[in-house]
Amino acid sequence: MRHILLAAASAAVFAMPVAARAADDGETAFRALYKELVETNTDHKIGDCTTAARQIAARMKAAGFTDSELNVFVPEGLPLDGGLIATMAGSDTSKGAVMLLAHLDVVEARREDWTRDPFTLVEENGWFYGRGTADDKAQAAIWADTLIRLRQAGAKPKRTLKMVLSCGEESLPRINNIRWLIEKHPDWIKADFALNEGGSGALKPDGTPLALGFQAGEKVTQNFVIEATNPGGHSSVPRPDNAIYALATALSRMAAYQFPVRFNDVTKNMFASVATMTPAPVGPAMARLVANPGDAEANAIVSADPRFGSMLRTTCVATLLEGGHAINALPQRAKATVNCRMFPSDKPDEVKAALVAAIGDAPVTVSAIPPVNPVNPPPLLSEEVFGTAKKVAAKHWPGIPVVPTMSTGATDGRFLIQAGIPTYGVPGFFAEPDNNAHGLNERISVKGVMAGRAYLFDLTKAYAGVK
Ligand SMILES: [Zn+2]
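Residue numbers for the sequence shown follow my numbering, so the first one is 47 and each next one is one higher.
See below:
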């Protein structure tokens with residue numbers, strides 16, 4: 047997935063605050079684990095998540111984890127698409143587990159396109175370069191390192207900690223481990239809530255922290271096909287009705303349509319906070335829009351930034367197009383695939399009805415492409431989860447607000463939320479906007495990784511009740 051960052055700081059240079067840390071807290075061992083993970087290709091073509099899972103399990107075993115605490119699972123028929131579940135049992139059986147979630151797989155990277163070898167961890171001028179350094183191997187390495195440190199320190203968690211390192215987050219068509227686990231082994235991943243990627247941090251232009259993003263909820267993807275058909279005929283005798291023209295009319299009407307502004311608790315809270323940090327005219331317009339979602343002028347100002355616009359509503363955009371069958375024939379068929387990202391409270395039927403209404407009398411059909419995704423309400427911002435994250439953040443970054451955010455993209459959280467496990471993108475692990483996740487020369491700042499490691503270690507301890 048793409049990390050969503052607080053767009054309020056779009057003009058800012060993102061960098062990382064340095065968290066204070068002890069001189070020797072296992073950083074050398076963490077770096078070795080991270081390096082091995084980045085250097086193990088886990089793309090969906092020739093990569094091997096199972097090997098990466100086994101390597102991490104071996105390090106955990108060396109740190110004192112037993113075989114029964116380490117579950118390297120491999121879906122049948124897919125030997126390279128395995129993952130790892132590591133469990134550290136808590137003493138308080140009245141409470142469910144806390145899941146530490148990250149994905150092992152990465153988007154493909156071609157050596158010939160990259161400046162440096164994508165599968166060698168290169169540290170240069172304060173950056174770690176390599177495929178997966180940001181998305182999502184830093185977090186995977188931090189979770190494993192956190193459990194290793196807790197075990198080595200003899201920690202006795204009250205709550206069970208369950209680390210789930212999955213495969214197939216980036217390449218859904220083959221397998222998605224989380225979906226597979228929910229279907230085949232729901233008991234393995236039972237948890238009260240999950241901590242995931244997708245949180246963020248933003249800095250002011252001078253490099254000091256502005257805000258931390260705590261992700262609660264994601265938009266939901268639903269694809270549609272808009273299609274026009276026609277008896278066709280010889281192109282030497284054009285007729286007014288034409289499948290390509292009908293589709294073009296429908297698409298241009300859809301393009302002109304804007305879904306209404308929607309808020310939920312998370313986005314209302316987010317826009318209200320970001321309004322106070324954002325200069326005029328956008329900041330004041332945000333405040334007006336929160337007060338009155340029907341304020342058209344404020345909507346126009348805020349929605350001019352596509353990242354804000356996408357947070358405010360369902361969006362639908364044509365992404366694929368095909369039509370016609372011969373250079374000298376009137377088109378019999380023309381169709382477009384439309385990718386919608388639904389605001390969590392919008393339903394697929396309502397989105398389809400809005401598209402049909404926007405298209406009006408253009409002679410096309412609109413149909414949802416299966417699977418039709420259920421509505422995915424955002425997880426609650428409970429005191430236990432959100433309050434604790436804020437408390438720990440206040441120690442690491444005093445005075446910096448923690449702002450709830452909703453992702454406009456999608457992670458494995460969407461499956462877990464549907465399965466009844468509230469899933470949150472934790473902050474502290476920062477993803478710079480120029481980290482180029484999924485793209486060329488992916489990188490993450492060394493300070494960022496280390497600050498995230500320090501924060502997430504303390505956050506895990508706080509959730510697990512480790513003193
Ligand atoms: Zn990711």
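Quick reminder that beta carbons are idealized off the backbone N, C-alpha and C, glycines included.
Taking 7 Å as the cut-off, does the CB of His149 come closer than this to any heavy atom belonging to ligand 1?
Yes; taking the cut-off as 7 Å, the Cβ of His149 has a heavy atom of ligand 1 nearer than that.
Tell me the DSSP secondary structure of Lys250 in three-state form.
coil
Val348 - DSSP class collapsed to helix/strand/coil:
helix
Using 7 Å as the cut-off, classify the Cβ of Asp89 as near or not near the heavy atoms of ligand 1, replying yes or no.
no
Does DSSP put Ile490 in a helix, in a strand, or in coil?
strand
Nearest candidate by alpha-carbon position, reference Ala289, set His371, Phe239, Ala240, Gly245
His371
For ligand 1, I want to know if Thr457 counts as a neighbour, meaning its beta carbon is within less than 7 Å of at least one of the ligand's heavy atoms.
Relative to the non-hydrogen atoms of ligand 1, the Cβ of Thr457 comes within a distance shorter than 7 Å of at least one.
Less than 8 Å separating the beta-carbons of Leu505 and Pro468?
no
For the 8 Å Cβ check, are there 3 or more pairs between the stretch 359-374 and the stretch 285-299?
yes
By how many angstroms is the C-alpha of Gly136 removed from the C-alpha of Val431?
17 Å
With respect to 7 Å, is the separation between the Cβ of Glu215 and the closest non-hydrogen atom of ligand 1 below this value?
yes
State yes or no: is the C-beta of Glu243 nearer than 7 Å to some heavy atom of ligand 3?
The model on display carries ligand 1 but not ligand 3.
Endpoints, the alpha helix (DSSP H) within which Lys436 is located
434-442
Using the DSSP secondary-structure output, state which residues sit across from Trp173 in a beta bridge.
Glu170, Ser491
With H, G and I counted as helix, E and B as strand and the rest as coil, what does DSSP make of Ser281?
coil
Taking the beta strand (DSSP E) that Val472 belongs to, which residues open and close that run?
Note, Val472: premise wrong, no beta strand (DSSP E); not H, not E.
Sort out for me which residues DSSP pairs Leu211 with in a bridge.
Paired residues: Leu130, Ala148.
According to DSSP, what are the bridge partners of Met388?
Val266
Under the criterion of a Cβ to heavy atom distance below 7 Å, does Asp182 qualify as lining ligand 1?
Under cutoff, so the answer is yes.
Using beta-carbon positions only, say whether Tyr80 and Arg489 come within less than 8 Å of one another.
no
Report the CB separation of Cys386 from Phe270 in whole angstroms; it is logged as a contact under 8 Å.
6 Å
Quick test of the definition: if touching needs 3 or more C-beta pairs under 8 Å, does the stretch 348-363 touch the stretch 385-405?
yes
DSSP-derived helix/strand/coil call for Glu396
Glu396: helix per DSSP, three-state reduction.
Could you tell me how far apart the beta carbons of Val410 and Lys398 are, in whole angstroms, since I believe they sit closer than 8 Å?
Contact between Val410 and Lys398 is absent: CB atoms are separated by about 13 Å, not below the 8 Å threshold.
Of all the options Ala508, Thr97, Asp407, which has the alpha carbon lying nearest to the alpha carbon of Val118?
Nearest C-alpha to Val118: Thr97.
Return the residue from the list Arg353, Met496, Asn345 that minimises the CA-CA distance to Pro306.
When only C-alpha atoms are compared, the closest one is Asn345.
Checking 8 Å against the spacing of the C-beta atoms, do Arg197 and Ala108 come in under that value?
no
Given this structure, state the Cα-to-Cα distance separating Glu396 from Ala132, to the nearest angstrom.
41 Å
Label Leu486 either buried or exposed according to how many other C-beta atoms from any shown protein chain fall within 10 Å of its C-beta, with 16 as the threshold for buried.
Exposed is the call here.
Which residue wins for smallest C-alpha separation from Val320, given the options Gly247, Thr161, Pro121, Ile272?
Gly247
Evaluate contact between the stretch 148-166 and the stretch 175-188, counting only Cβ atoms and requiring at least three cross-stretch pairs below 8 Å.
yes
For the alpha helix (DSSP H) that contains Glu368, what are its first and last residues?
First-last for Glu368: 361-369, but that is the beta strand (DSSP E), not the alpha helix (DSSP H).
Label Lys183 either buried or exposed according to how many other C-beta atoms from any shown protein chain fall within 10 Å of its C-beta, with 16 as the threshold for buried.
Flag for Lys183 reads buried.
Gly259 - partner residues in DSSP beta bridges:
Ser246, Val449
So what's Tyr501 in DSSP terms, helix, strand or just coil?
If DSSP states are grouped into helix, strand and coil, Tyr501 belongs with the helices.
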